[in-house]
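Read in UniProt numbering, the sequence shown has 116 at position 116, and its numbers run on one by one without any break. Here a beta-carbon is modelled for each residue, glycine too, at the ideal position from N, C-alpha and C. I have placed the structure first, in the form of structure tokens, so that the comments after it can refer back to it.
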Amino acid sequence: MANILIIDDSPTDVRVLTTLLERAGHQVASVGNAEEGIERVRSAPPALVIMDVIMPGMNGFQATRTLTRDPATAEVPIVMITTKAMETDRVWGLRQGARAFITKPVNEGELLACINQLLASAA
1 MANILIIDDS PTDVRVLTTL LERAGHQVAS VGNAEEGIER VRSAPPALVI MDVIMPGMNG
61 FQATRTLTRD PATAEVPIVM ITTKAMETDR VWGLRQGARA FITKPVNEGE LLACINQLLA
121 SAA
């Protein structure tokens with residue numbers, strides 16, 4: 001399957017997402033902040049990034065914008081997963097370059113369908 005990078009500062013959320021993705025056959029790595037995530041994507045681009053929004057330091061909106069505006073990483077699809085459920089947050093996330101915006105708690109079927117669609121369109 002695919003190499004997926006999770007950028008999230010919550011160990012609990014990382015564990016839940018990792019379990020779900022590995023059960024679906026994906027290889028998963030994770031980092032706990034946006035700055036480290038950007039460096040990881042630049043040094044070893046994954047097939048897809050799952051990005052939290054609320055993190056200390058640089059937030060997920062800023063990190064998504066940084067990655068999608070860099071020609072070296074612009075093609076890596078980003079799925080934002082967050083507790084921020086306002087429509088304005090969804091629109092802003094998509095405007096920063098995210099390919100999908102999912103609110104927590106994550107519906108496993110919705111997330112896997114979204115990932116499969118993004119990976120298929122990137123292939």
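Inter-residue CB distance, residue i and residue j (contact presumed, cutoff 8 angstroms)
| i | j | result |
| --- | --- | --- |
| residue 34 | residue 60 | 6 angstroms |
| residue 50 | residue 94 | The Cβ separation is near 15 angstroms, so there is no contact. |
Pairwise C-alpha distance: residue j and residue i
| i | j | result |
| --- | --- | --- |
| residue 38 | residue 67 | 7 angstroms |
| residue 86 | residue 43 | 33 angstroms |
| residue 149 | residue 103 | Residue 149 lies beyond the range of the chain shown here (1 to 123); nothing can be said about it. |
| residue 15 | residue 24 | 14 angstroms |
| residue 117 | residue 101 | 14 angstroms |
| residue 90 | residue 11 | 23 angstroms |
| residue 40 | residue 21 | 19 angstroms |
| residue 113 | residue 79 | 12 angstroms |
| residue 36 | residue 71 | 18 angstroms |
| residue 84 | residue 92 | 11 angstroms |
| residue 13 | residue 99 | 20 angstroms |
Residue j beta carbon less than 8 angstroms from that of residue i
| i | j | result |
| --- | --- | --- |
| residue 55 | residue 26 | no |
| residue 46 | residue 107 | no |
| residue 77 | residue 120 | no |
| residue 53 | residue 82 | yes |
| residue 64 | residue 97 | yes |
Strand pairing of residue i, partner residues [DSSP]
| i | result |
| --- | --- |
| residue 27 | 3 |
| residue 51 | 7, 80 |
| residue 100 | 79 |
### Message
For the pair the stretch 51 to 66 and the stretch 7 to 19, tell me if three or more CB-CB distances fall below 8 angstroms.
### Response
yes
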